[in-house]
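Residue numbers (the working numbering), protein chains in the order written: chain A, 7 to 427; chain B, 3 to 388. No residue lacks a Cβ here, since even glycine has one placed at the ideal position from N, Cα and C.
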Amino acid sequence: MSIFHNIADAISDAAYIWRQEMRQVLRDEGVLIFFIIVPLVYPLLYSWIYNNEVVRDVPVVVVDDNNSSLSRQFTRMADASADVKVLCHAADIDEAKSLVSRQLAKGIYYIPSDFDSNIYGMRQATISVYCDMSIMLTYQAIYQTATSVTQTMGAGIQISRTQPVTKREAEISVQPLAVSEVPIFNPAGGYGSSVLLAVLMLILQQTLVLGIGLSAGTARENNRYHELIPIDRHYQGIFRIIGGKFLCYFMIYAVMGAYLTMAVPYFFSFPQLAQWQYLLPLMLPYVLACIFFGMIVSCIVRYRENVMLLVVFVSLPQLFLTGISWPQQSIPAFWQSISWLFPSTFGVRAYVRLQSMGGTLSDVNVEYCALWIQTIFYFLITCIVYRHQILLARHHALERLDRLSRKLEVQEQIKRRKKKE
Amino acid sequence: MSNVWKIIIRELWILWKNPIYGFCMVVFPILVVMFFTSLLSQGMPEQLPIGLVDADNTSTTRALSHRLDAFQSTKVVEHYATVSEARHAIQRGEIYGFLYFPKGTTEELLSSRQPKISYFYSLSAKMPGSLTMKDLKVISSLGSAAVGQATMRARGATDAQIQAMLQPIAVDLHMVANPWSNYNVYLSTVFVPGIIMLFIFLITAYSIGTELKFGRSKEWLHLADNNITVALLGKFLPQAIIWLAIFFSYEYYIYGVLHFPHEGGAWPIIRLGLMGVFSSMGFGIFAFGLMPSLRMSMSICSLWAVLSLSMAGSAFPVMAMDGPLQSLSWLFPLRHYYMIYQITVFNGFPLLESWFHFAALAAFMLLPWLVIGKIKNAMLNYVYIP
Numbered sequence: 007m008s009i010f011h012n013i014a015d016a017i018s019d020a021a022y023i024w025r026q027e028m029r030q031v032l033r034d035e036g037v038l039i040f041f042i043i044v045p046l047v048y049p050l051l052y053s054w055i056y057n058n059e060v061v062r063d064v065p066v067v068v069v070d071d072n073n074s075s076l077s078r079q080f081t082r083m084a085d086a087s088a089d090v091k092v093l094c095h096a097a098d099i100d101e102a103k104s105l106v107s108r109q110l111a112k113g114i115y116y117i118p119s120d121f122d123s124n125i126y127g128m129r130q131a132t133i134s135v136y137c138d139m140s141i142m143l144t145y146q147a148i149y150q151t152a153t154s155v156t157q158t159m160g161a162g163i164q165i166s167r168t169q170p171v172t173k174r175e176a177e178i179s180v181q182p183l184a185v186s187e188v189p190i191f192n193p194a195g196g197y198g199s200s201v202l203l204a205v206l207m208l209i210l211q212q213t214l215v216l217g218i219g220l221s222a223g224t225a226r227e228n229n230r231y232h233e234l235i236p237i238d239r240h241y242q243g244i245f246r247i248i249g250g251k252f253l254c255y256f257m258i259y260a261v262m263g264a265y266l267t268m269a270v271p272y273f274f275s276f277p278q279l280a281q282w283q284y285l286l287p288l289m290l291p292y293v294l295a296c297i298f299f300g301m302i303v304s305c306i307v308r309y310r311e312n313v314m315l316l317v318v319f320v321s322l323p324q325l326f327l328t329g330i331s332w333p334q335q336s337i338p339a340f341w342q343s344i345s346w347l348f349p350s351t352f353g354v355r356a357y358v359r360l361q362s363m364g365g366t367l368s369d370v371n372v373e374y375c376a377l378w379i380q381t382i383f384y385f386l387i388t389c390i391v392y393r394h395q396i397l398l399a400r401h402h403a404l405e406r407l408d409r410l411s412r413k414l415e416v417q418e419q420i421k422r423r424k425k426k427e
Numbered sequence: 003m004s005n006v007w008k009i010i011i012r013e014l015w016i017l018w019k020n021p022i023y024g025f026c027m028v029v030f031p032i033l034v035v036m037f038f039t040s041l042l043s044q045g046m047p048e049q050l051p052i053g054l055v056d057a058d059n060t061s062t063t064r065a066l067s068h069r070l071d072a073f074q075s076t077k078v079v080e081h082y083a084t085v086s087e088a089r090h091a092i093q094r095g096e097i098y099g100f101l102y103f104p105k106g107t108t109e110e111l112l113s114s115r116q117p118k119i120s121y122f123y124s125l126s127a128k129m130p131g132s133l134t135m136k137d138l139k140v141i142s143s144l145g146s147a148a149v150g151q152a153t154m155r156a157r158g159a160t161d162a163q164i165q166a167m168l169q170p171i172a173v174d175l176h177m178v179a180n181p182w183s184n185y186n187v188y189l190s191t192v193f194v195p196g197i198i199m200l201f202i203f204l205i206t207a208y209s210i211g212t213e214l215k216f217g218r219s220k221e222w223l224h225l226a227d228n229n230i231t232v233a234l235l236g237k238f239l240p241q242a243i244i245w246l247a248i249f250f251s252y253e254y255y256i257y258g259v260l261h262f263p264h265e266g267g268a269w270p271i272i273r274l275g276l277m278g279v280f281s282s283m284g285f286g287i288f289a290f291g292l293m294p295s296l297r298m299s300m301s302i303c304s305l306w307a308v309l310s311l312s313m314a315g316s317a318f319p320v321m322a323m324d325g326p327l328q329s330l331s332w333l334f335p336l337r338h339y340y341m342i343y344q345i346t347v348f349n350g351f352p353l354l355e356s357w358f359h360f361a362a363l364a365a366f367m368l369l370p371w372l373v374i375g376k377i378k379n380a381m382l383n384y385v386y387i388p
């Protein structure tokens, strides 16, 4: 009977803490910002930023010293390509360079004066490409357009040089081996489709950690003795406290998680190949690991604002450690091992593979297991640090009680003495 | 003047007493510099894993796949029996792409029936994906060329003739200022200052806000004879010196020790450091003046600073964003910092070309004048509510 009684008690205590925590989240505007507003608005902002996905019409200057029909054909074809736009012709390289320095153009195509005579003389002709290397994407656009245009023109020239019987024969003599290019995942090579999915998962983790930390900071500051855990009938026992708080955060992030990982990609047509029966089991350990990770961090901070100083700046390094911007295989071993501390490392990798490559749960088995290990590990640490906090609070309370009773004793002694006199 | 001195002494004491300043002003920035420069120290990723599906398996296809091994940025790690197996390997994250020779490739090649080989790659992660694509593209066109080369050599053509025949027009690429397309140069020059600016924003707002929070604001203004300019000057002078020391050491490290390209020379680098630090402090003070509450101003600062990493346009260019965003990018100090960096330091163009961004950063430095009265009012009359 008493076991059932205890369990019922524990559940009602947890529910009480759950309600308290929920109330605090709604009342504290700092927490509200990071739990509700940032996860709602930030993904929309980022999606907007990366919505155009690819760079089109990068302006280039053409310096045409040749001015023949072939060189004009090159200019026309480059201008007609999707990625590059010919801004203007310049008289010489210096004039073109001044346009680049004024940020009007991002690169220069230089066609030397012997361009067409080389082609007609069966010698290799060259086109010089000068790229402003300050942005990788514009450099790629300018260079790749130049290569593909010269290849297309080259194929035409090659065919005109052969004397085939049939057109097919000409094709084969120019290209004996056909090549087909198959970009299978994220075929358009969109920047947003590649980075945004990772950003979404990272937003989930970072806002959770920030929100939990702020809410713990507020709890401390509102407490008379700056304790994280108040002395209260309901706050007896680690599991009740952790369970109650956990339920509050989990409730909010069940909704936010669905919004971030499913609704946002849907709104902006980012890749959404993940099937729910794989996504759901992945998100469960991810959110759990993030919550417990956040609860541990929240025990470190003394003042609520400090959590921002600790957590915000780590976001970018965390994004790099996921292997989306910089390949996972090239991350040095030291940082590789640091990255295992963060749920985002595994969460992002697994989510990107499900969502953008349509993988199944067995494809992300390593990450999935890692997330569960993190969940268990962080849960145990949470228990330890909360136990420590409870003991600390109790210890401080006993000290205060001790001091009070001693004070009372002294006062009574004084009173007694006065009476005697 | 003696008031400023008194406040400086007091501020130094605060910076010393509260460990969070030491962490955020010195330890974390150094960690971030170390993180990015060591993470990207390779410059270009090497040995990205790729796969091979060789259904033909003849000496010709093997010769081609051996050539693929010689490439620097990719490495064949696995042979797969079928295309779908290789695709699963991509989904598991084991490889970034693969080359596929269908059965009968060599036979068709020898009988001039133009066989078709394919290369598959995933752009889910854009940078490794496009590097893989580049290598696979080169190897497959080499394959095509190798066949033509053999025929032509048999007919007695010279090397120059063969080259002119196989590739009538060559592209002569000049990668100005960063000929290695070193990623460390791209990322560490923008993201590291971006994070240092984040700290400057936050610490600036934090140091004013905590005066209110710990109930020291009246004492602070009293020391300055209720002159808010003197109070702010005394408070931020020591901080500015620390920030400048950090920023200049970072710049010395990347340009002096790691030899990042700096066509513009030393003076633009120093000027950029000064502008970056002071404009960020200006923004931090302004953010606090706008919302004189510790928590709100710090939230604004952190959200703004994190957004500015994207709005700087160093990874995804601003010119490819929507029109309204292009104008909004002016509101981010890091955007102007980045533009001045790439114009005057990286490319070494004259200062005049970046005048607009210079003026913008100067405007950020002057922003505190707009809210100085409000800060004074807050310091004297507000009470901190947790």
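Residue i versus residue j: straight-line alpha-carbon distance, rounded
i, j, result
"E405/A", "I237/A", "13 Å"
"T151/A", "T132/A", "15 Å"
"D56/B", "P193/A", "23 Å"
"K128/B", "V106/A", "27 Å"
"M139/A", "G267/B", "18 Å"
"A86/A", "D63/A", "9 Å"
"E27/A", "F40/A", "15 Å"
"W269/B", "S301/B", "35 Å"
"F30/B", "V79/B", "38 Å"
"E177/A", "N58/A", "37 Å"
"L385/A", "T153/A", "Note that residue 385/A is Phe in the sequence shown, not Leu. Cα to Cα, the separation comes out at about 55 Å."
"T107/B", "P182/A", "11 Å"
Own chain, CB closer than 6 Å to residue i, minus 5 neighbours either side, in chain order
i, result
"V303/A", "V215 and G219"
"V320/B", "Q328 and S331"
"A16/A", "R246"
"V68/A", "T81, V92, H95 and Y115"
"K376/B", "G291"
"E355/B", "I345"
"K251/A", "E27"
8 Å Cβ cutoff, residue i in contact with chain D
i, result
"W341/A", "In the displayed structure, chain D is absent; the protein chains listed are A and B."
Spatial neighbours of residue i in its chain, beta-carbon cut-off 8 Å, leaving aside the 5 residues before and after
i, result
"L32/A", "L38"
"V66/A", "A84, V90, K91, V92, L93, A111, K112, G113, I114, Y115 and I148"
"Y252/B", "P31, V35, V194, P195 and I198"
Own chain, CB closer than 7 Å to residue i, minus 5 neighbours either side, in chain order
i, result
"I396/A", "I235 and I244"
"L285/A", "T267 and L360"
So if I threshold CB-CB distances at 9 Å, which residues from the stretch 78-108 of chain B count as touching chain A?
Cβ contacts with chain A come from R89, H90, I92, Q93, R94, G95, Y98, G99, Y102 and T107.
Going along the stretch 180-194 of chain A in order, which residues come within less than 9 Å of chain B, judged by CB to CB distance?
Listed by position along the chain: V180, Q181, P182, L183, A184, V185, S186, E187, V188, P189, I190, F191, N192, P193 and A194.
Assess contact between the stretch 88-95 of chain B and the stretch 159-174 of chain A, defined as three or more Cβ pairs (one per stretch) separated by less than 8 Å. Is contact present?
No, the stretch 88-95 of chain B is not in contact with the stretch 159-174 of chain A.
Determine, using beta-carbon pairs with one atom in the stretch 175-185 of chain B and one in the stretch 276-290 of chain B, whether at least three such pairs fall under 8 Å.
The answer is no - the stretch 276-290 of chain B does not touch the stretch 175-185 of chain B, with fewer than three Cβ pairs under 8 Å.
Mind listing which residues of the stretch 316-328 of chain B have their C-beta closer than 8 Å to chain A's C-betas, in chain order?
S316, A317, F318, P319, M321, A322, M323, D324 and L327: these are the residues of the stretch 316-328 of chain B whose beta carbon lies less than 8 Å from some beta carbon of chain A, given in chain order.
In chain order, each alpha helix (DSSP H) run of at least 4 residues that lies wholly inside the stretch 93-143 of chain B:
For the stretch 93-143 of chain B, the continuous alpha helix (DSSP H) assignments of 4+ residues that do not extend past its boundaries occur at 107-112, in sequence order.
Check whether the stretch 74-89 of chain A touches the stretch 113-126 of chain A, taking contact to mean three or more Cβ pairs, one atom from each stretch, closer than 8 Å.
Three or more beta-carbon pairs separated by less than 8 Å link the stretch 74-89 of chain A to the stretch 113-126 of chain A, which places the two stretches in contact.
Could you name each continuous alpha helix (DSSP H) segment of 4 residues or more that falls completely within the stretch 246-309 of chain A, going from the start of the chain to the end?
Taking only runs of at least 4 residues, the alpha helix (DSSP H) segments lying wholly in the stretch 246-309 of chain A are 270-273 and 282-306.
Can at least three beta-carbon pairs, one atom from the stretch 254-268 of chain A and one from the stretch 45-54 of chain A, be found at a separation below 8 Å?
Touching, yes.
My parser needs the alpha helix (DSSP H) runs of 4 or more residues fully inside the stretch 159-227 of chain B; what are they?
Fully enclosed alpha helix (DSSP H) runs of no fewer than 4 residues occupy 161-168, 185-190, 193-215 and 219-225 of the stretch 159-227 of chain B, in order along the chain.
Using 8 Å as the cut-off, can you tell me whether the stretch 229-236 of chain B makes contact with the stretch 304-321 of chain B, which would need three or more C-beta pairs spanning the two stretches below that distance?
Cβ pair count under 8 Å is below three, so no.
Return the residues of the stretch 375-388 of chain A that lie within a Cβ-Cβ distance of less than 7 Å from chain B, sorted by chain order.
Within the stretch 375-388 of chain A, no residue has a Cβ that lies closer than 7 Å to any Cβ of chain B.
Chain B contacts from the stretch 119-133 of chain A (Cβ-Cβ distance under 7 Å):
Taking 7 Å as the Cβ-Cβ cut-off against chain B, the residues of the stretch 119-133 of chain A that qualify are I125, M128, R129, Q130, A131, T132 and I133.
If contact means a Cβ-Cβ distance below 8 Å, which residues of the stretch 225-237 of chain A contact chain B?
Listed by position along the chain: E227 and N228.
Are the stretch 115-124 of chain B and the stretch 321-335 of chain A in contact at 8 Å, needing three or more beta carbon pairs?
Because the criterion of three Cβ pairs below 8 Å is not met, the stretch 115-124 of chain B and the stretch 321-335 of chain A do not touch.
Extract the residue ranges of the beta strand (DSSP E) inside the stretch 58-93 of chain B, only unbroken runs of 3 or more that lie entirely within it.
The qualifying runs are 76-82.
Residues from the stretch 277-304 of chain B in contact with chain A, defined by Cβ distance under 7 Å
From the stretch 277-304 of chain B, only L296, R297, M300, S301 and S304 have a Cβ closer than 7 Å to chain A.
Is it true that the stretch 341-351 of chain A meets the stretch 42-57 of chain B, where meeting means three or more beta-carbon pairs spaced less than 8 Å apart?
Taking a cut-off of 8 Å for Cβ pairs, the stretch 341-351 of chain A and the stretch 42-57 of chain B do not touch, as fewer than three such pairs fall below it.
Is the number of C-beta pairs between the stretch 165-172 of chain B and the stretch 228-236 of chain A that are closer than 8 Å three or more?
Counting C-beta pairs with one atom in each stretch, the stretch 165-172 of chain B and the stretch 228-236 of chain A have fewer than three that are closer than 8 Å, which means they do not touch.
I'd like to know if the stretch 294-311 of chain A and the stretch 378-390 of chain A are in contact, where contact means that at least 3 CB-CB pairs between them fall below 8 Å.
By the C-beta criterion, the stretch 294-311 of chain A is judged to be in contact with the stretch 378-390 of chain A, since at least 3 inter-stretch pairs fall below 8 Å.
Where the stretch 116-127 of chain B meets chain A: residues whose CB sits under 8 Å from a CB there
Those would be Q116, P117, K118, I119, S120, Y121, F122, Y123, S124, L125, S126 and A127, in chain order.
Counting Cβ pairs closer than 8 Å, one from the stretch 187-206 of chain A and one from the stretch 192-204 of chain B, do we hit at least three?
Counting C-beta pairs with one atom in each stretch, the stretch 187-206 of chain A and the stretch 192-204 of chain B have fewer than three that are closer than 8 Å, which means they do not touch.
Can you list, in chain order, the stretches of the beta strand (DSSP E) that have 3 or more residues and sit fully within the stretch 36-106 of chain A?
Whole beta strand (DSSP E) segments, 3+ residues: 64-70 and 90-95.
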